[in-house]
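Numbering (UniProt numbering), first residue to last: 1 to 266.
This is the structure:
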């Protein structure tokens, strides 16, 4: 069952690779596994040259939104989860439950209120309209509290305080390094979420030069009904858009393995 599930999950990626390695004339009229090695280079070049290289602009925007947004969101989530776990303050559980309510609210229900707020603040159709909402991640706070409870023993915190470390120093020098696996996990989840985000940029942005790659490919896909030559552009662009996510998972997975023993008391 696991093998079948893995094949089912990987099959769309395999199709992207084989479809991107076909010329426009052979895209829909040949077998899936009939590829042309030279065609993928031509398709990539067409993607990069289309509309004066706007795909690279979209790609850079996605890196900015996803990279900066995921990093800022992860820092906030880890700090909040650490505070909810290690500190005792009035209404702690009620406040945490209030944070979890945000997990139940669908993003589509928040799009219009966020647009009105961005319009009121005068930041709609700007980078800030997409970046600021991506900093809030209630599910990340929930995960950070679980990781804090699992990886940071209370005895370590007490020992650091007895040595005279301030609360901020304890978090920065003791808590945060021990939560590296949780930090990486939350970062990857948020990076993928922001990278694939479509609805929020669709509502917030009207300038094509501010589009992320997901919204940019959507505009190209809308042209396929009148101009079939956009099909290879959308497929090849989708393949290029998936590559950063694969690289991120491969590059950061070692932190999960190294973190299996980081929470032990020595």
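A virtual CB, placed ideally from N, CA and C, is assigned to each residue, including glycine. All values derive from a computational prediction rather than experimental measurement.
Judged by DSSP in its simplified three-state form, residue 196 adopts coil rather than helix or strand.
With respect to the 9 Å criterion, residue 201 and residue 130 are classified as neighbours on the basis of their beta carbons. For residue 79, the enclosing alpha helix (DSSP H) starts and ends at 69 to 86. The criterion of a C-beta distance shorter than 9 Å is satisfied by residue 217 and residue 241.
Following the DSSP letters along the chain, one finds residue 154 inside the alpha helix (DSSP H) bounded by residues 154 to 162. The stretch 63 to 73 makes no contact with the stretch 145 to 164, as fewer than three CB pairs between them are under 8 Å. Residue 253 and residue 244 have their C-alpha atoms spaced approximately 14 Å apart. Taking residue 214 as the centre and dropping the five residues before and after it, the same chain places the C-beta of 62, 195, 196, 197, 198, 201, 241 closer than 8 Å to its C-beta, in chain order.
Shortest Cα-Cα distance from residue 137 to any of 117, 178, 78, 152 involves 78. In this structure, the alpha-carbon of residue 41 lies about 8 Å from that of residue 21. Under the three-state reduction of DSSP output, residue 1 falls in the coil class, being neither helix nor strand.
Residue 175 sits in a helix when the DSSP states are folded into three classes. Distance check between residue 153 and each of 89, 178, 144 places 178 closest, using alpha-carbon atoms only. If you draw a straight line from the Cα of residue 173 to the Cα of residue 180, it comes to about 12 Å. The beta carbons of residue 80 and residue 99 sit closer together than 9 Å. Cβ neighbours of residue 56 within its own chain (closer than 6 Å, five residues either side excluded): none. Taking a C-beta distance under 9 Å as the contact criterion, residue 140 and residue 186 qualify as a contact pair.
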